[in-house]
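Enquirer: From first to last, the protein sequence lines stand for chains D and Z. Counting with this note's numbering, you get residues 13 to 217 for the letters of the first sequence. Counting with this note's numbering, you get residues 51 to 229 for the letters of the second sequence. All C-beta atoms, glycine included, are put in the ideal place defined by N, C-alpha and C.
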Amino acid sequence: MDCKQALSLMHDYMDNELAPNQVLLLKEHFAVCPACTERYDQLERTEMMLFGIKTQRIEPMADFVTANIMASLPKKTKQRVWLRWVKNHPAITVAAMFVMVMFISALSFWNQDRELMVKGPDLDKLIIEGDKVIVPKGHVVAGDLTVQNGQAEVYGEVNGNLTVIEGSMNLASTAHISGQVTKIDEAMSWLWYRITHMFSGVAYN
Amino acid sequence: MLARKGDQRAFAELVELYKDKIFHLAYRMLNNRHEAEDVVQDTFLRVYKNLERYDENQKFSTWIYRIGTNLCIDRLRKRKPTYSLDAEMNDQEGIDGYAMIPSEDRTPETEYMLSETQQMIRQAIDSLPAKYKTVMVLRYMQELSLQEISDVLDMPVTTIKTRVHRGREFLRKKLERKL
Ligand SMILES: [Zn+2]
Chain D
13 MDCKQALSLM HDYMDNELAP NQVLLLKEHF AVCPACTERY DQLERTEMML FGIKTQRIEP
73 MADFVTANIM ASLPKKTKQR VWLRWVKNHP AITVAAMFVM VMFISALSFW NQDRELMVKG
133 PDLDKLIIEG DKVIVPKGHV VAGDLTVQNG QAEVYGEVNG NLTVIEGSMN LASTAHISGQ
193 VTKIDEAMSW LWYRITHMFS GVAYN
Chain Z
51 MLARKGDQRA FAELVELYKD KIFHLAYRML NNRHEAEDVV QDTFLRVYKN LERYDENQKF
111 STWIYRIGTN LCIDRLRKRK PTYSLDAEMN DQEGIDGYAM IPSEDRTPET EYMLSETQQM
171 IRQAIDSLPA KYKTVMVLRY MQELSLQEIS DVLDMPVTTI KTRVHRGREF LRKKLERKL
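#1: Within 10 angstroms of the Cβ of Z:S200, are there 16 or more other Cβ atoms? Answer buried if so, exposed if not.
#2: Measuring straight from C-alpha to C-alpha, what distance separates Z:I121 and Z:Y182?
#3: Could you check how far apart the C-beta atoms of D:K195 and D:T158 are, in whole angstroms? I think they sit under 8 Å.
#4: Please state whether the Cβ-Cβ distance between D:L21 and D:L30 is less than 8 Å.
#5: Over what stretch of residues does the beta strand (DSSP E) that includes D:N182 continue unbroken?
#6: Counting only Cβ pairs nearer than 8 Å, list the residues of chain Z close to D:F42.
#7: Helix, strand or coil: how does DSSP classify D:T186 here?
#8: Taking 6 Å as the limit between beta carbons, can you name the residues of its chain near Z:M191, skipping five residues before and five after?
#9: Counting only beta-carbon separations shorter than 8 Å, does D:D27 have a partner in chain Z?
#10: Strictly below 8 Å CB to CB, what residues from chain D border Z:A226?
#11: Our contact map puts Z:T119 next to Z:T208 with C-beta atoms below 8 Å; I'd like the distance itself, whole angstroms only.
#12: Measuring only between beta-carbons, confirm whether D:T8 sits less than 8 Å from chain Z.
#13: Closer than 7 Å, Cβ to Cβ, to anything on chain Z: give me those residues from the segment 177 to 194 of chain D, in chain order.
#14: Once the 5 residues before and after Z:A180 are set aside, which same chain residues still bring their CB inside 7 Å of it?
#15: Using DSSP bridges, identify the partner residues of D:V166.
#16: Here's a check: name, in chain order, each residue in its chain whose Cβ is nearer than 8 Å to the Cβ of D:L37, leaving out the five neighbours to either side.
#17: Where does D:E165 land, buried or exposed, given buried means 16+ other C-beta within 10 angstroms?
#18: Suppose the cutoff is 8 Å on Cβ atoms and the five residues either side in sequence are ignored; what does the same chain contact list for Z:D231 look like?
#19: For Z:L64, decide whether its Cβ has a neighbour in chain D, counting only Cβ atoms nearer than 8 Å.
#20: How would you label D:N182, buried or exposed, when you count the other beta carbons within 10 angstroms and need 16 or more for buried?
#21: Looking at ligand 1, does it come within less than 7 Å of Z:A62, judged from the CB to the closest heavy atom?
#22: Using a Cβ cut-off of 7 Å, which residues of the segment 63 to 93 of chain Z contact any Cβ in chain D, in chain order?
#23: Is D:H23 near ligand 1, judged by its Cβ being under 7 Å from some heavy atom?
#24: Mind listing, in chain order, the continuous beta strand (DSSP E) runs of no fewer than 3 residues lying wholly within the segment 25 to 68 of chain D?
#25: Nearer than 7 Å: is that true of the beta carbon of Z:H84 relative to any heavy atom of ligand 1?
#26: What's the gap between the Cα of D:P148 and the Cα of D:E127?
#27: Going straight from the alpha carbon of D:I177 to that of D:V193, what length do you get?
#28: Between Z:V214 and chain D, is there a C-beta pair that is closer than 8 Å?
#29: Is D:A43 near ligand 1, with its Cβ less than 7 Å from a heavy atom?
#30: Roughly how many whole angstroms lie between the Cα atoms of Z:E161 and Z:K69?
#31: How should D:N28 be labelled, buried or exposed, when 16 other C-beta atoms within 10 angstroms of its C-beta is the threshold for buried?
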């Protein structure tokens with residue numbers, strides 16, 4: 013074995029990649045070659061010094077670095093979903109904007125509007141007492157009746173839907189309502205009601 | 051992996067788990083605290099942005115090491131022109147053992163802690179060309195196996211072996227007087 017070969021084996025040996033029979037050959041070379049023995053010795057000490065560096069303490073990173081990492085993360089999920097949504101549904105997005113504007117204006121309206129409002133046909137046949145709206149016995153309301161911010165008392169008939177918004181209803185045993193009876197208390201459902209029904213009421217004081 | 055689902059808390063745990071490893075790697079590669087901290091930050095940012103692309107057949111540590119290592123190599127390349135290890139080494143070993151510690155690291159504490167020998171090793175490692183420095187840092191300071199280094203750098207094991215051998219020889223010559 014020449015010294016060049018021996019050097020290659022030395023490195024393999026240090027990498028733990030030398031077969032036992034080759035280890036023997038290398039050791040035989042060391043026995044006859046002081047230069048290679050010295051070289052191997054130096055390599056080994058170099059390696060010790062390198063491993064020794066690992067034990068050196070490194071001042072840890074400042075805590076704010078970790079905080080910065082978290083803070084610097086892009087808020088990608090929300091952003092992407094929104095962008096994708098706009099991209100795929102431009103028309104719906106416009107509709108959503110419209111609903112939002114509606115929602116805001118309707119909400120403010122809902123908060124302000126505390127007056128009794130009644131909507132329906134033949135309103136002059138109904139009895140209004142304060143915030144009480146009475147459908148007298150024997151009277152037939154020929155259509156939908158809507159009462160907002162008041163109490164609906166029905167003794168007669170409603171040939172349509174009865175809707176009470178932010179109020180109460182009292183249906184007498186004689187009452188008959190052919191359509192749906194709906195009570196709306198929350199701003200949200202009221203909003204949907206307003207969007208689906210166009211509302212032009214008659215106000216009573 | 052939870053963090054993939056964009057779970058911030060899971061990602062924070064990932065940061066806790068790997069930040070020191072990546073910081074040490076970067077610090078040994080760049081020999082500069084501030085740059086090392088920047089690398090840690092950039093590494094996690096990349097990990098976060100590319101979570102969908104992470105191949106779960108691969109070890110996560112391999113993947114994050116690769117990202118961190120590449121960021122370090124990029125910085126080293128920008129920093130100074132590379133020179134060939136094959137060329138005769140310029141023996142500018144002006145060992146006052148001081149000049150090679152970046153000035154911002156020269157606190158009384160580090161001066162006290164680092165022996166002359168340790169400073170020499172640091173200087174020797176720092177003078178290695180990037181491709182050798184990378185394998186030497188991964189091998190000795192992160193104690194990765196040759197196979198693991200090959201996975202991290204996505205290079206054949208034989209290439210890694212050659213680089214470790216050359217790196218060792220380079221350092222041996224550099225440190226000869228101290229051995
Ligand atoms: Zn020999």
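Expert: The structure says:
#1: With 16 or more neighbouring CB atoms inside 10 Å of its own CB, Z:S200 falls in the buried class.
#2: Looking at the sequence shown, residue 121 of chain Z is not Ile but Leu. Taking the straight line joining both Cα atoms gives about 15 Å.
#3: Rounded, the Cβ-Cβ distance is 11 Å, inconsistent with contact.
#4: Cβ atoms of D:L21 and D:L30: closer than 8 Å.
#5: In the DSSP assignment, D:N182 falls within the beta strand (DSSP E) that extends over 180 to 183.
#6: Those do not exist, as D:F42 stays about 17 Å from chain Z at its closest Cβ, beyond 8 Å.
#7: Secondary structure of D:T186 (DSSP, three-state): coil.
#8: The beta carbon of Z:M191 sits closer than 6 Å to those of R78, all from its chain and outside the five residues before and after it, given in chain order.
#9: Chain Z, which has a Cβ nearer than 8 Å to the Cβ of D:D27, makes this yes.
#10: A small fix is needed here, since residue 226 of chain Z is Glu in this sequence, not Ala. Per Cβ cutoff of 8 Å: Q54.
#11: About 19 Å; that fails the 8 Å criterion.
#12: Within the shown structure, residues of chain D are numbered from 13 to 217, placing residue 8 of chain D beyond reach of any answer.
#13: Per Cβ criterion, the list is empty.
#14: Non-local beta-carbon contacts of Z:A180 in its own chain, meaning distances under 7 Å to residues more than five positions away in sequence, involve I123, L126, R127, T132 in chain order.
#15: Per DSSP, D:V147, D:L183.
#16: M13, L21, listed in sequence order.
#17: So D:E165 counts as buried.
#18: Summary: the structure shown does not reach residue 231 of chain Z, with chain Z confined to residues 51 through 229, and so no result is reported for it.
#19: No, no contact with chain D.
#20: Burial call: exposed.
#21: Every heavy atom of ligand 1 is 7 Å or more from the Cβ of Z:A62, so no.
#22: Within the segment 63 to 93 of chain Z, the qualifying residues are V65, K69, D70, F73, H74, Y77, E87, V90, Q91.
#23: Taken from the Cβ of D:H23, every heavy atom of ligand 1 lies 7 Å or farther away.
#24: Taking only runs of at least 3 residues, no beta strand (DSSP E) segment lies wholly in the segment 25 to 68 of chain D.
#25: Not so, every heavy atom of ligand 1 lies at least 7 Å from the Cβ.
#26: Going by the C-alpha atoms only, they are around 22 Å apart.
#27: Cα-Cα distance, rounded: 11 Å.
#28: Closer than 8 Å: yes.
#29: No.
#30: Because the pLDDT at Z:E161 is just 49, under 50, the model does not fix this residue reliably, and the value given afterwards should be weighed accordingly. About 25 Å.
#31: In this structure D:N28 is exposed. Its beta-carbon is surrounded by fewer than 16 other beta-carbon atoms within 10 angstroms.
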